[in-house]
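Here's the structure we're looking at; comments come further down.
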Amino acid sequence: MEVLYNKKDKHAIVAFAKRLEGKTLWQACGTVGMHQIGGKGNFGSLLEKHYFGYEPNSDAQPDFPEAGLELKTTPLKKHAKAGLVSKERLVLNLINYVQLTKETFADSSFWKKNSQLLLVFYLHDKEKTLLDYDIKVVGSWEFPEEDLAVIKADWETIVTKVRQGKAHELSEGDTFYLGACTKGAKGGNRRQQPFSHIQAKQRAFSLKQGYVNHILHRLTQGGRERYGTILKTQERTASVPLEEVVMERFRPFYGMEVEAIVRQIGCDLNSRAKGFYASLTKVVLGIQPDEQIDEFEKGDVVIRTVRLKPNGNAAEDISFPAFRYKELVEQSWDTSDLKEDLEKKFFFVFYKYDSSGGLYLQKAAFWNMPYTDLEEARKVWLETVRRIRRGQAHTLPKKSENRVCHVRPHARNSHDTNETPDGQLVVKKSFWLNNSYIKEIYTSLS
DNA sequence: GCATGATCATGC
DNA sequence: GCATGATCATGC
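Residues 835 to 1280 in our numbering are what the first sequence lists, from first letter to last.
In structure tokens:
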């Protein structure tokens, strides 16, 4: 195939790639060779072969070595409120656990391959074949310095865990922007790790979905939200770890009553408004209540506020979105919404009531679910699916059945129902983290 | 006092 | 109108 661009010139490659915008694979590549394809392969490799004219490979080099540019294609989906958003994380190169522990960031396989990305965003549509997906946005991406500092720290977190012989315990929730996501048939592929005999799931470096959305917004000037950043200029310059900065923002207020915190910061928050605690968290972090937290959005960080009773027990369980019975039984654990939700990085803010009803800030900390607890959640999830299939959607796993989580109604009222596979209408339900488990989390962080 | 069921407030 | 995160109500 004739190559229609200078493969050594980054700008020429990007300009050539830009011509994909508004087209489908079919339109962009013409009919040449397309009859041989018949929809086989994946979007990325078809684009490499039939548009850019090179054979897909798994080299350590970027796809355009002379230009240092790595081509990545990634799906978008339509979001009712936000318009087009990333459908998933962006999967980068596979992790070789043995090699990884011998690398430094600057000479790492991750950085050699992915320091400059050429991104092709297409709109995924399950009604279409991939030849007919609309290519929406094309652009090149280099990581700004402030993001790179976070990504380097993430990379170090991953390497450290592997050096500790814990590659099998890696989780996406370990890190902020750069994740180690499972890759391969249902996460079933196992690989050797250098400092343990336990086989670890095959994983790849990946950019969190939130970070991909950030890239998309930057390339399109899109995104209507206002953002505030936690990291201020001098902290960025000094490369202070994000986690440390967040902890330092909260520490001065430990032990203080909420109204006193509001007074000390001098902000105008109504403590009776339902979003009060969410706003207070932002204000403590130095962010306006009407702004999104830049670093947390990029890192898919989930904020949860927890009130502890005077005896130290969590006052409430923590809910996740209601599921649909018929959809749940079609999923596998590895592709389940619950696993996706539980593997996120959480930011917990704990308040505690004293005996006279005053509420005091106790602790704020990042947390992600340990692997062994995720296995407990898996059991509950599997049992839930099993009972729904048996027509027992009325009696799903209770709090007393598992240490970590349970299933409970989560609806507008008792008439707010979903249909089960056998045609019953049962009140909408969701998974909840047990309040006793939340107390465990609090204890582990103190 | 807690587990379980039920429902609310908010934002889009 | 609904999803989401949060909280209330009741009975044992």
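In this text, a Cβ means the ideal position worked out from N, Cα and C, and glycines have one as well. Quantities reported herein were computed from a predicted structural model and do not represent experimental measurements.
Close CB contacts of His1244 within its chain, under the 7 Å cut and outside five residues either way in sequence, are with Ser1153, Ala1156, Lys1262, Lys1263, Ser1264 (chain order). In the three-state reduction of the DSSP assignment, Pro1243 falls in the strand class, which pools E and B.
In this structure, Ile992 lies away from Phe1029, with their beta-carbon atoms at least 9 Å apart. Leu1065 sits away from Glu979, with the two beta carbons spaced by 9 Å or more. For Gly1044, the uninterrupted alpha helix (DSSP H) run begins and ends at 1043-1054, by DSSP. Excluding five sequence positions before and after Gln1027, the CB atoms of its chain that fall closer than 8 Å to its own CB belong to Tyr931, Val932, Val996, Gly999, Ala1001, His1002, Gln1033, Ala1034, given in chain order. Nearest C-alpha to Gln861 among Leu951, Leu965, Arg1158, Phe898: Leu965.
Sorting Asp968, Glu882, Cys1015, Lys1132 by C-alpha distance to the C-alpha of His958 places Asp968 at the top.
Here the C-alpha atom of Arg1158 lies approximately 8 Å from the C-alpha atom of Glu1253.
Residues of the same chain with a CB within less than 8 Å of the CB of Glu882, apart from the 5 flanking positions on each side, are Tyr888, Glu889, Pro890, Asp897, Leu905 in chain order.
Each residue's CA atom was taken as its position, placing Leu854 and Glu1125 some 34 Å apart. The beta carbons of Leu918 and Leu1119 sit no closer together than 9 Å. Ranked by Cα distance from Tyr885, the options Pro899, Ala901, Lys1197, Gly864 are led by Gly864. Within the segment 1127-1160, complete alpha helix (DSSP H) segments of at least 4 residues are found at 1128-1132, given in chain order.
Comparing alpha-carbon positions, the option among Asp1134, Asp941, Trp1167, Thr1063 lying closest to Val1046 turns out to be Asp1134. The C-beta distance from Ser1105 to Glu1093 rounds to 6 Å, short enough to meet the 8 Å contact threshold. Pairing Leu1142 with Tyr1276 gives a Cβ-Cβ distance under 9 Å. Thr994 carries a helical assignment under DSSP once its states are collapsed to helix, strand and coil. For Asp968, the secondary structure class from DSSP, reduced to helix, strand or coil, is strand.
DSSP, read as helix, strand or coil, puts Lys1017 in coil.
In the three-state scheme derived from DSSP, where H, G and I count as helix and E and B as strand, Gly1257 is classed as coil. The residue among Asn1269, Phe1084, Gly1100, Lys1197 with its C-alpha nearest the C-alpha of Val1241 is Asn1269. Apart from sequence neighbours up to five positions away, the residues of its chain that approach Asn1147 with a beta-carbon distance below 6 Å are Lys1273, ordered along the chain. By the C-beta density criterion, His1228 is exposed, having fewer than 16 other C-beta atoms within 10 angstroms. In the DSSP annotation of this structure, Ser1030 is not part of any alpha helix (DSSP H); the continuous beta strand (DSSP E) holding it starts and ends at 1030-1035. The distance from the Cβ of Phe1110 to that of Phe1181 is about 17 Å, inconsistent with a contact at the 8 Å cut-off. The Cβ atoms of Val971 and Tyr1011 lie no closer than 9 Å to each other.
Sorting Arg1221, Pro1123, Leu1195 by C-alpha distance to the C-alpha of Gly1062 places Pro1123 at the top. Here the alpha carbon of Glu1078 sits roughly 12 Å from the alpha carbon of Ala987. Considering only Arg1223, Ala894, Thr1139, the residue with the shortest C-alpha distance to Leu926 is Ala894.
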